[in-house]
Amino acid sequence: MSLRTITPRRSAAVLVATCAAALCTVTPATAAPADLGSQINGNAVNRHLIALQRIADQNDGNRASGLPGYEASVDYVVGKLRGAGFDVTTPEFTYQAYYLDSFSLAVAGQPTEGDVLEYSPATPQGGITAPLAVAPVDDTPGCEATDYDGTDITGAVVLVQRGSCTFADKQRVAADLGAAGAIIYNNVDGPLNGTLGDPEAARIPSAGVTKQVGEALAGQPGAEVKLDIQARLETVTTRNVVAQTRTGRTDNVVMAGAHLDSVPEGAGINDNGTGSAGLLETALRLGGNPAVNNAVRFAFWGAEESGLVGSTKYVQSLTFEQQLDIALYLNFDMIGSPNAGYFAYDGDDSDGVGSGPGPQGSAQIEQDLVAAMAGQGVAVEGDDFDGRSDYGEFIAVGIPSGGLNTGAEVVKTDEQAAKWGGTAGIAFDPNYHTVNDNLANVDRVALERNAKALAAVIEGYSRSTEGVNGMLTRAERAQLRPAQGAVMAQRLDAASANHNRS
Ligand code: DPN
Ligand code: ZN
Numbered sequence: 156m157s158l159r160t161i162t163p164r165r166s167a168a169v170l171v172a173t174c175a176a177a178l179c180t181v182t183p184a185t186a187a188p189a190d191l192g193s194q195i196n197g198n199a200v201n202r203h204l205i206a207l208q209r210i211a212d213q214n215d216g217n218r219a220s221g222l223p224g225y226e227a228s229v230d231y232v233v234g235k236l237r238g239a240g241f242d243v244t245t246p247e248f249t250y251q252a253y254y255l256d257s258f259s260l261a262v263a264g265q266p267t268e269g270d271v272l273e274y275s276p277a278t279p280q281g282g283i284t285a286p287l288a289v290a291p292v293d294d295t296p297g298c299e300a301t302d303y304d305g306t307d308i309t310g311a312v313v314l315v316q317r318g319s320c321t322f323a324d325k326q327r328v329a330a331d332l333g334a335a336g337a338i339i340y341n342n343v344d345g346p347l348n349g350t351l352g353d354p355e356a357a358r359i360p361s362a363g364v365t366k367q368v369g370e371a372l373a374g375q376p377g378a379e380v381k382l383d384i385q386a387r388l389e390t391v392t393t394r395n396v397v398a399q400t401r402t403g404r405t406d407n408v409v410m411a412g413a414h415l416d417s418v419p420e421g422a423g424i425n426d427n428g429t430g431s432a433g434l435l436e437t438a439l440r441l442g443g444n445p446a447v448n449n450a451v452r453f454a455f456w457g458a459e460e461s462g463l464v465g466s467t468k469y470v471q472s473l474t475f476e477q478q479l480d481i482a483l484y485l486n487f488d489m490i491g492s493p494n495a496g497y498f499a500y501d502g503d504d505s506d507g508v509g510s511g512p513g514p515q516g517s518a519q520i521e522q523d524l525v526a527a528m529a530g531q532g533v534a535v536e537g538d539d540f541d542g543r544s545d546y547g548e549f550i551a552v553g554i555p556s557g558g559l560n561t562g563a564e565v566v567k568t569d570e571q572a573a574k575w576g577g578t579a580g581i582a583f584d585p586n587y588h589t590v591n592d593n594l595a596n597v598d599r600v601a602l603e604r605n606a607k608a609l610a611a612v613i614e615g616y617s618r619s620t621e622g623v624n625g626m627l628t629r630a631e632r633a634q635l636r637p638a639q640g641a642v643m644a645q646r647l648d649a650a651s652a653n654h655n656r657s
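Using this note's numbering, the first residue of the sequence shown is number 156, and each one after it goes up by one.
In C-alpha cells form, the structure reads like this:
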C-alpha cells in the first residue's frame, strides 16, 4: 500500500514513485534530455571499451557467454545502469553450446582441408571410414531424395553442393537415405562456415569444404573417406541485462539492444564492445528517470555469438501483448570497425538485396538513422536484414526494427573508400572474430558518430514514435482537435489512462 497516490500522467512534469515495503519515495523526473546526441562524448564511450578490454584481460582474454569474462561484463554494465537509476533485471536462460575439440578429413589417403558443420554429431574416436558418394548437381542438389537419382548412398560419405536448401536439409536427406556422413562444398569462393542450425537437426557427422576442394572431390566417387570429428554439447546458463527507465508509458516502449558477449577467441572490443559501450553511455546520459513520453528499455544480450540465443529467448519469453508493448527495436552491433563502412538496415528493401523489408515502420526507422548520420556529414548505405544479429526475432514477430553497423568481414570497395575514407580491398574489420579484435583496433571517429546517431534517434523516439507506429503523444492528439482544444484531449487521455496504463 502506498502512502501517497500518484495520478499517472504523461506530461513533462512526471513524478516517479519508488516503493520499498510500505514506503514510497517520490523523485521528480529529471529534465528532458535536450539533444542527447550532442551529449555523447567519444572518450566516455571509449572508457567503457577500456573497461571491457581489462575485463577480458583478467578473464582468459575473452568475454564469451558462459565464461567469467561475460559475467564480469554483466556486472560492469549492471552496476552503471543501477547507479543511473534504471530498473535493471538480468533474466537467466540456458542453451546447448557446441564445442569442437578436433577435426580431420582425409580422402584417398590425402589430408583434405575442411571444417565441421556446427552441431555435427561427433564420430567414434578414431573417426569413420567410408566410400565417397557424389550427389548429382541439379537445381536442388541433395535437397530431396529424388535429387539422388537412384544413386545408392547407404553407408557412404556423401558429397553435396551448397545451394537451394539449408545444410540441415541436405544432411537430413542424406541421413534418411542411410549415408554415414556428409560433406557439403561451397558454390562460391571462400570457406563454407556452415551450421546445421541446432543440435536437434544434427543426424550424421558433417563437414564443409571450399568450392575448389569440393570440385576436386567430385571427380573421385568411391574414394576412401576418413572423417574424424571430436565435439561435445554442453548446457550453458547465462543471462541478458534489461534496463528500463522508470518514466514514460510502458505500453509503447522504445527498445534498443547490443550483444555484450564476445567469441571465445578474443575480447570482442569492436564485436560488440562498441555497440554495448555506445548504448550504455546513451543510457547513462538519459538516466533512469528522464521526462519522456515513452519508456526506454535497453538490452545487453548474452550468447549472440552462439546463435542469437539471448535476444531470441527474450522475445519468445514475452506474451503477444507484451510484444505489442514494444513500439520498435534498434540494434547496434559493431559500430567502430577499424576500416569502417557506414550501414543502416534496409528497412524498406529499397536495395532489393537478400531478404525482404522489415516489419511496417522499419522504413521510417531507417530514414531516421540515415538522417542522424547525414546530420554528421556521413552518407550511409543500406544493409540487408540477413538475420546475422539480434534484431532477428524482433522482426520475426513483427516489431519494426532498424540499426547501424560499420561492417565485418566484407571487403571495402574503391567507391566506399572514396566516400568514407579507409582502405579499399581489405575488410571493414580484418580482426572480426579473432584475438586481434581488441582496443588497438577500433575506429573512434566511426564509434563516436554512430553513438551520437543512436542517442539522437533513441531520444527522438522517447518523445514520439508516431512516424513508426502511429502512436500519438498527448500533445500530438491535442493538435488533432483544435476545435475542442486541450480539454477534450485531456478527457480522452484520462479515459485511456484508466483503461490502458497509458
Ligand atoms: N557482429 C557480427 C557477429 O556478431 O558475428 C554479425 C554482424 C556482421 C553484424 C556484420 C553486423 C554486420
Ligand atoms: Zn556481433
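Note that the Cβ used here is the ideal one computed from N, Cα and C, for glycine as well.
For Val-368, name the three-state secondary structure that DSSP assigns.
helix
Cα-Cα, which of Ser-417, Gly-491, Ser-544 and Val-409 is closest to Gln-477?
Val-409
Does the beta-carbon of Met-489, which I'm using as the reference point, lie nearer than 7 Å to any heavy atom of the ligand ZN?
yes
Start-to-end residues for the beta strand (DSSP E) that takes in Ile-424:
Neither: Ile-424 is in no beta strand (DSSP E) and is coded neither H nor E.
Work out the CA separation of Asp-307 and Leu-473 for me, nearest whole Å.
47 Å
Which residue wins for smallest C-alpha separation from Phe-475, given the options Arg-317, Gly-240, Ile-554 and Ala-610?
Ile-554
If distances are taken between C-alpha atoms only, which option among Ser-466, Thr-405, Pro-279 and Ala-263 comes closest to Asp-383?
Pro-279
According to the neighbour-count rule (16 or more other Cβ atoms, all chains shown, within 10 Å of its Cβ), is Ala-290 buried or exposed?
buried
Nearest by alpha-carbon distance to Gly-297: which of Thr-284, Arg-317, Met-489 and Leu-483 is it?
Out of Thr-284, Arg-317, Met-489 and Leu-483, the CA that lies nearest to the CA of Gly-297 is found in Arg-317.
Beta-carbon gap between Ala-413 and Phe-487 smaller than 8 Å:
yes
From Asp-256 to Ser-361, what does the alpha carbon distance come to, in whole angstroms?
15 Å
According to DSSP, is Glu-299 part of a helix, a strand, or is it coil?
DSSP places Glu-299 in coil when its eight states are reduced to three.
In terms of residues, what are the limits of the alpha helix (DSSP H) holding Ile-210?
197-212
In terms of alpha-carbon separation, which member of Ala-534, Ala-285 and Gln-326 lies closest to Asn-605?
Ala-534
Buried or exposed: Ala-285, going by 16 or more other Cβ atoms within 10 Å of its Cβ?
buried
For the alpha helix (DSSP H) that Asn-624 lies in, which residues bound it at each end?
According to the DSSP assignment, Asn-624 belongs to the alpha helix (DSSP H) that extends over 621-624.
Label Pro-163 either buried or exposed according to how many other C-beta atoms from any shown protein chain fall within 10 Å of its C-beta, with 16 as the threshold for buried.
Note on Pro-163: pLDDT 32, under 50, position unreliable in the model; the coordinate value appears next. Pro-163 is exposed by the Cβ-count criterion.
In DSSP terms, what Pro-103 is bridged to
There is simply no residue 103 to check, as the chain begins at 156 and stops at 657 in what is shown.
Nonlocal neighbours in the same chain, by C-beta distance under 6 Å from Phe-241, ignoring five residues either side:
Ala-398 and Gly-443
In the structure shown, what three-state DSSP assignment does Ala-386 receive?
If DSSP states are grouped into helix, strand and coil, Ala-386 belongs with the strands.
Ignore the nearest five residues each way along the sequence and tell me which others in Ala-199's own chain have a CB closer than 7 Å to its CB.
Glu-436
For the alpha helix (DSSP H) containing Met-528, list its first residue and its last residue.
517-529
Three Cβ pairs or more, each shorter than 8 Å: is that satisfied between the region 417-428 and the region 205-213?
yes
Compare the C-alpha of Ala-498 against each of Lys-574, Ala-482, Pro-445 and Gly-403 and name the closest.
In the sequence as presented, Ala is not what sits at residue 498; that position holds Phe. Considering only alpha carbons, the answer is Lys-574.
Buried versus exposed call for Glu-570 [16 or more other C-beta atoms within 10 Å across all chains shown]
exposed
Considering only DSSP beta bridges, list what Val-397 is partnered with.
Thr-244 and Ala-454
Could you give the first and the last residue of the continuous beta strand (DSSP E) run that contains Tyr-484?
481-487
If distances are taken between C-alpha atoms only, which option among Ala-337, Gly-403 and Leu-441 comes closest to Ser-275?
Ala-337
What I want to know is whether the C-beta of Glu-299 ends up closer than 7 Å to one or more non-hydrogen atoms of the ligand ZN.
no
How close, in whole Å, do the beta carbons of Asn-395 and Ala-454 come, if the pair is a contact with beta carbons under 8 Å?
6 Å
Rounded Cβ spacing between Gly-562 and Ile-520 (contact assumed at less than 8 Å)
The Cβ separation is near 19 Å, so there is no contact.
May I ask you to check if the CB of Arg-543 is nearer than 7 Å to at least one heavy atom of the ligand DPN?
yes
Should Pro-514 be labelled buried (16 or more other beta-carbon atoms within 10 Å of its own) or exposed?
buried
Is it the case that the Cβ atoms of Val-312 and Val-380 are separated by a distance below 8 Å?
yes
Those runs of the alpha helix (DSSP H) which lie wholly inside the region 534-582 and span at least 4 residues
Those alpha helix (DSSP H) runs which fall completely within the region 534-582 and span 4+ residues are 547-551 and 569-575.
Measuring CB to CB, does Ile-359 end up less than 8 Å from Gln-326?
Yes, these two residues count as a Cβ contact at 8 Å.
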